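Visitor:
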Amino acid sequence: PNPNPNPNPNPNPNPNLKVVLEAMQETDEAKDVQRLYESISSGLAEFEAEMFGKWGDTVETTSTEKLTLPLLTRESRSGELSVNFDPLLVKLLSEVKYFVVQGKNIPEVAADLYARAEKFRVQRGNLEIIKNRYNEMLATMLDVEKPLLKSQMKAIDKLLEKGLKELSWSSTYEEKTAFIDEVMVMVTEAHVTLTEMKNNMKVFLTLALALTLTLTPTLTRTRTLTRTLTRTRTLTLTRTRTLPLTRGAHR
12 PNPNPNPNPN PNPNPNLKVV LEAMQETDEA KDVQRLYESI SSGLAEFEAE
62 MFGKWGDTVE TTSTEKLTLP LLTRESRSGE LSVNFDPLLV KLLSEVKYFV
112 VQGKNIPEVA ADLYARAEKF RVQRGNLEII KNRYNEMLAT MLDVEKPLLK
162 SQMKAIDKLL EKGLKELSWS STYEEKTAFI DEVMVMVTEA HVTLTEMKNN
212 MKVFLTLALA LTLTLTPTLT RTRTLTRTLT RTRTLTLTRT RTLPLTRGAH
262 R
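According to this note's numbering, the sequence shown holds residues 12 to 262 in order.
#1: Which first and last residues belong to the beta strand (DSSP E) in which T84 is found?
#2: State the Cα-Cα distance for the pair T38 and A56, rounded to the nearest angstrom.
#3: Which ranges does the alpha helix (DSSP H) cover as unbroken runs of at least 4 residues, wholly within the stretch 101-129, from first to last along the chain?
#4: Helix, strand or coil: how does DSSP classify L47 here?
#5: Along the chain, where does the alpha helix (DSSP H) that runs through S93 open and close?
#6: Under 8 angstroms: do the stretch 76-90 and the stretch 173-191 share three or more Cβ pairs, one atom per stretch?
#7: In terms of DSSP beta bridges, what is T179 paired with?
#8: Between the Cα of V198 and those of W180, N146 and N210, spot the shortest distance and give me the residue it belongs to.
#9: Expressed to the nearest angstrom, what Euclidean distance is found between the alpha-carbon atoms of L149 and V155?
#10: Counting C-beta neighbours from all protein chains within 10 Å, is the total for V196 16 or more, i.e. buried, or is it exposed?
What follows is the structure in structure tokens.
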């Protein structure tokens with residue numbers, strides 16, 4: 012059986028509606044609406060083209076200026092590191108991505124920047140890991156631990172100078188990758204060493220506390236017994252000294 016109870020195969024419930032709509036389009040009011048729509052659409056298209064042209068003019072200036080910044084910066088007081096990828100570059104990469112999706116004819120500089128977007132993302136992510144581990148060591152390292160890591164930290168700081176002064180985001184991919192890989196290994200090794208030192212100290216303190224708690228009852232009993240013996244001896248001596256006097260007085 013046919014599950015459709017409607018015997019009319021025409022999906023349009025009113026076949027005359029199309030004729031009515033076509034007739035309405037010939038009215039003066041409909042023509043005014045059409046002209047208004049075309050005017051607004053044309054204005055928006057012109058505005059979009061103007062803004063896109065201005066954006067294209069700033070791409071080269073922004074990318075050239077921001078890509079020459081060093082990979083890292085250091086806070087003068089605390090010595091902590093920061094990844095020096097300018098927020099304007101992040102914004103520019105995001106804008107380029109959406110224009111590419113829309114099929115816009117982007118400038119050559121923007122296309123080159125977009126082609127390197129994934130490499131920038133990976134390098135920024137690795138530098139963030141380096142920064143976080145290095146800054147954590149600076150923040151948590153105790154004075155007694157510093158001499159033990161002095162040589163490692165000195166070697167790390169010497170290598171970091173390359174990322175602070177020599178290498179920029181416009182440097183070759185190979186140069187940046189080699190630097191990041193080398194620093195990652197050194198910082199990770201130092202971070203693992205410091206973490207193990209702190210874990211060993213926690214274990215030592217835990218064992219020392221457990222030993223103290225274990226010995227406390229024994230020490231308490233020993234002190235109590237010592238005090239008891241001392242008092243007994245004192246009483247014995249006192250009685251020994253007083254007995255002759257008592258006997259003499261009796262005689």
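Using N, Cα and C, we set each Cβ at its ideal position, and we do this for glycine too.
No experiment lies behind these values; they were computed from the predicted model shown.
Guide: Taking the geometry as given:
#1: Within the sequence shown, numbered from 1, the residue matching residue 84 stands at position 73. Counting along the chain, the beta strand (DSSP E) containing T84 begins and ends at L83 to R85.
#2: The residue labelled residue 38 in the question sits at position 27 within the sequence shown. The residue labelled residue 56 in the question sits at position 45 within the sequence shown. Computed Cα separation, rounded: 27 angstroms.
#3: 119-126
#4: What you label residue 47 is simply residue 36 of the sequence shown in a count that begins at 1. L47: helix per DSSP, three-state reduction.
#5: Residue mapping note: residue 93 aligns to position 82 of the sequence shown, counting from 1. No alpha helix (DSSP H) contains S93, which is instead part of the beta strand (DSSP E) from L92 to V94.
#6: yes
#7: Taking the first residue of the sequence shown as 1, we reach residue 179 at position 168. The residue you asked about is not Thr; residue 179 is Ser in the sequence shown. DSSP output for S179 lists P81 as bridge partner(s).
#8: What you label residue 198 is simply residue 187 of the sequence shown in a count that begins at 1. The shortest C-alpha separation from V198 is found at N146.
#9: As a working note, residue 149 is residue 138 in the sequence shown. As a working note, residue 155 is residue 144 in the sequence shown. Taking the straight line joining both Cα atoms gives about 13 angstroms.
#10: Start at 1 with the first residue of the sequence shown, and residue 196 comes out as number 185. So V196 counts as exposed.
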